[in-house]
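Q: Below is a structure I'd like to ask you about.
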Amino acid sequence: MGAGASQADALTGDARAAELRRRLLKLGFDTVRFAVPGELPAAGALRAWLAQGMHADMAWMERSADKRADPAGVLPGVRSVVALGVNYSPQEPPVPGPRWARYAGYEDYHDTLKPALVAAGRVLEALYGVSSEDYRYYVDAGPVLERAWLERAGTGFIGKNAMLISPEWGNWLFLAAILTRVELPADPPLRGATRGIGALCGHCDRCQTACPTGALVRPGVIDARRCVSYLTIEHRGPIPREWRAAIGDKIYGCDDCAAVCPWNRFSKPARSPLLVARPECLRLPLGEILALTPERFAEVFRRTPVKRVKLAGLLRNACVVAGNSGDGVWLEALVKLAGHGEPLVRAHAVWAVSRLVGRAEAGALLRGVRAVETDPQVLAEYAAEGLV
Ligand code: B12
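The numbers in this note's numbering rise by one with no breaks, and the one at position 182 of the sequence shown is 250.
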């Protein structure tokens with residue numbers, strides 16, 4: 069660690085940490101707390117989770133497991149974790165139409181939080197006389213068990229829904245962490261939080277009951293292979309047929325296990341300047357989504373997290389939602405999508421048409437596109453629907 073003269077040489081340890089907290093809050097984080105690294109129970113849970121294949125196709129979770137389990141593997145000599153959260157509880161009630169994960173109503177938090185993390189690093193440098201070598205910041209994408217660190221720092225506790233739940237903000241916090249070689253005074257964990265997963269949930273198990281696919285296989289443990297969030301966002305290929313009906317009207321991500329949590333009664337409307345609301349994306353009617361062109365997709369979802377699934381992924385999800393709607397009004401658009409350029413979209417459109425009208429009518433509606441279909445994945449979908 070560099071011994072450069074710091075801006076706050078006059079401040080003693082605790083006063084300097086208080087000044088750090090004050091400046092980070094001023095940057096737009098809603099909660100700023102400190103933890104001391106050490107063995108995390110979650111590290112063992114992570115290994116068991118990976119060993120059971122619950123990470124689905126997220127192979128990067130395996131590759132980064134050692135670092136996630138031990139932050140010293142990320143930053144040798146790490147002495148503190150700065151645990152940060154940004155409240156994103158939306159001010160507007162959800163609109164009718166396809167359902168989106170709430171975080172999709174903001175510009176991508178990875179991008180909008182990053183400048184504040186850069187600035188936070190500068191604050192550390194100024195207050196402690198360290199260099200940029202002495203810290204690493206992450207939001208979501210780094211090899212860091214963010215929930216576990218925020219639990220250790222006392223921001224909240226890990227609930228039966230696996231979420232970091234804050235008594236002050238409920239479930240709606242984006243998390244970020246700074247690992248640093250600076251020694252900071254640790255904040256205490258919440259009373260009772262460390263007694264184990266869901267210790268502060270009591271007898272409540274609304275999240276486990278609410279999960280449409282039974283993905284919360286044990287309290288605090290998500291099997292990503294059946295989590296709607298994974299299936300509609302992270303997963304690239306066709307959505308396994310067994311889960312499509314349960315996805316219902318969810319077009320991107322799922323908040324069910326978080327939304328039913330009684331601790332949300334403490335949530336407050338988001339007001340951080342680090343969030344850029346984009347509620348208009350969430351108001352797009354299903355008919356417009358089914359008809360999206362690459363240009364329109366890029367325009368509407370520019371800078372939002374939705375760009376991650378790309379147009380084909382969103383159309384795939386939209387077909388599932390339309391198929392589950394029970395509403396024949398979408399048939400025309402779906403038949404058109406059964407002739408789309410992407411096999412992924414064609415396959416889901418075939419499923420949706422068949423689900424809406426049954427085998428005989430679907431066969432008639434799809435006859436034209438079926439006659440020219442050559443892709444094995446799409447042909448398999450026709451076969452599975454008995455439309456050979
Ligand atoms: C991979 C990932 C996913 C995967 C897998 C989910 C999962 N549970 O791991 C998928 C794609 C399914 C997913 C979904 C979602 N995610 Co996500 N995801 C991540 C990511 C990148 C890594 C998580 C990870 O390490 N998983 C491995 C498992 C083992 O860890 P875990 O569930 O997080 O952790 C807990 C258990 O192991 C448990 N645990 C701890 N000790 C013990 C001990 C025992 C004995 C047991 C049994 C368990 C246990 O606590 C561990 C953490 O401390 C993090 C960002 C990050 N870098 O941390 C975001 C993150 C966890 N996701 C986030 C969000 C918002 C979501 C969604 C709500 C998005 C949406 N609306 O669709 C859903 C919610 C699903 C859920 N209830 O977990 C937020 C959570 C915010 C919060 N307040 O908790 C994070 C922190 C991103 C961020 N920076 O804000 N996610």
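Glycine included, every Cβ here is placed at the ideal spot set by N, Cα and C.
Computed from a predicted structure; not experimentally measured.
1) Using 8 Å as the cut-off, classify the Cβ of Gly-112 as near or not near the heavy atoms of the ligand B12, replying yes or no.
2) Give the secondary structure of Leu-88 by DSSP, where H, G and I count as helix, E and B as strand, and everything else as coil.
3) What first and last residue would you give for the alpha helix (DSSP H) that runs through Asn-385?
4) Confirm, please, whether the CB-CB distance from Ser-148 to Val-14 is below 9 Å.
5) Thr-180 and Leu-342 look like a contact to me (Cβ under 8 Å); what is the Cβ gap, rounded to whole Å?
6) Do Gly-165 and Leu-382 count as a contact pair if the criterion is CB distance below 9 Å?
7) Over what stretch of residues does the beta strand (DSSP E) that includes Ser-422 continue unbroken?
8) DSSP state of Ile-481, grouped into three classes?
9) Classify Arg-94 as buried or exposed, calling it buried when 16 or more other Cβ atoms lie within 10 Å of its own Cβ.
10) Please state the DSSP three-state secondary structure of Leu-185.
11) What are the uninterrupted segments assigned as alpha helix (DSSP H) that are 4 or more residues long and contained completely in the stretch 265–302, given in chain order?
12) Bridge partners of Tyr-320, per DSSP?
13) Give me the residue from Asn-385, Ala-216, Glu-410 and Asn-239 with the minimum Cα distance to Cys-325.
14) Here's the rule: buried if 16 or more other CB atoms are within 10 angstroms of the residue's CB, otherwise exposed. What is Arg-131?
15) Spatial neighbours of Cys-269 within its chain, please: C-beta separation below 6 Å, excluding the five flanking residues on both sides.
16) Could you tell me the boundaries of the beta strand (DSSP E) in which Gly-153 lies?
17) Drop a sphere of 10 angstroms on the beta-carbon of Ala-71, count the other beta-carbons inside from all chains shown, and report buried for 16 or more, exposed for fewer.
18) Measuring CA to CA, which of Lys-318, Val-440, Ala-313 and Pro-411 is closest to Arg-304?
19) DSSP state of Arg-32, grouped into three classes?
20) Look at the alpha carbon of Pro-109 and the alpha carbon of Val-456, and state the distance between them as a whole number of angstroms.
21) At the level of alpha carbons, what is the spacing between Thr-223 and Gln-159?
22) Exposed or buried, Asp-82, counting other C-beta atoms within 10 Å across all chains shown (16 or more means buried)?
23) Who are Thr-99's beta bridge partners in DSSP?
24) Using the Cα positions of Cys-322 and Pro-161, report the straight-line distance between them to the nearest angstrom.
A: Reading off the structure:
1) To locate residue 112, count along the sequence shown from 1; it is residue 44. True, at least one ligand heavy atom lies under 8 Å from that Cβ.
2) As a first step, residue 88 is located in the sequence shown; it is residue number 20 there, counting from the start. Correct three-state label for Leu-88: helix.
3) Position 317 of the sequence shown holds residue 385. Counting along the chain, the alpha helix (DSSP H) containing Asn-385 begins and ends at 378–392.
4) There is simply no residue 14 to check, as the chain begins at 69 and stops at 456 in what is shown.
5) Position 112 of the sequence shown, counting from 1, holds the residue named residue 180. Position 274 of the sequence shown, counting from 1, holds the residue named residue 342. With a Cβ gap of about 5 Å, Thr-180 and Leu-342 count as contacting.
6) Position 314 of the sequence shown holds residue 382. Position 97 of the sequence shown holds residue 165. Not closer than 9 Å, so no.
7) For this step, residue 422 is matched to residue 354 along the sequence shown. First-last for Ser-422: 411–439, but that is the alpha helix (DSSP H), not the beta strand (DSSP E).
8) With the chain covering only 69 through 456, there is no way to say anything about residue 481.
9) The residue labelled residue 94 in the question sits at position 26 within the sequence shown. Looking at the sequence provided, one finds Lys at residue 94 rather than Arg. Lys-94 should be labelled exposed.
10) Here residue 185 refers to the residue found at position 117 of the sequence shown. Note: Leu-185 maps to helix in three-state DSSP.
11) 274–278
12) Within the sequence shown, the letter at position 252 stands for residue 320. For Tyr-320, which the question treats as bridged, DSSP gives the partners Trp-168.
13) In the sequence shown, residue 325 corresponds to position 257, counting from 1. Cys-325 has its Cα closest to that of Asn-239, out of Asn-385, Ala-216, Glu-410 and Asn-239.
14) Within the sequence shown, numbered from 1, the residue matching residue 131 stands at position 63. Arg-131 is exposed by the Cβ-count criterion.
15) To locate residue 269, count along the sequence shown from 1; it is residue 201. Result list for Cys-269: Gly-227 and Lys-228, in chain order.
16) As a first step, residue 153 must be located in the sequence shown, where it is residue number 85. Unbroken beta strand (DSSP E) run through Gly-153: 148–155.
17) The residue you call residue 71 lines up with position 3 of the sequence shown. For Ala-71, the predicted structure reports a pLDDT of 46, less than 50, and the residue's modelled location is therefore unreliable. A value from the coordinates is still provided. Ala-71 is exposed by the Cβ-count criterion.
18) In the sequence shown, residue 304 corresponds to position 236, counting from 1. The option with the nearest alpha carbon to Arg-304 is Pro-411.
19) The first residue shown for the chain is 69 and the last is 456, placing residue 32 beyond what the model contains.
20) As a position in the sequence shown, residue 109 is number 41, starting the count at 1. As a position in the sequence shown, residue 456 is number 388, starting the count at 1. Cα to Cα, the separation comes out at about 52 Å.
21) Locating residue 223 in the sequence shown gives position 155, counting from the first residue. Locating residue 159 in the sequence shown gives position 91, counting from the first residue. So the alpha carbons of these two residues sit roughly 22 Å apart.
22) Locating residue 82 in the sequence shown gives position 14, where the first residue counts as 1. Looking at its Cβ environment, which holds fewer than 16 other Cβ atoms inside 10 Å, Asp-82 is exposed.
23) In the sequence shown, residue 99 corresponds to position 31, counting from 1. Answer is Gly-153.
24) As a working note, residue 322 is residue 254 in the sequence shown. As a working note, residue 161 is residue 93 in the sequence shown. Rounded to whole angstroms, Cys-322 to Pro-161 spans 16 Å at the Cα level.
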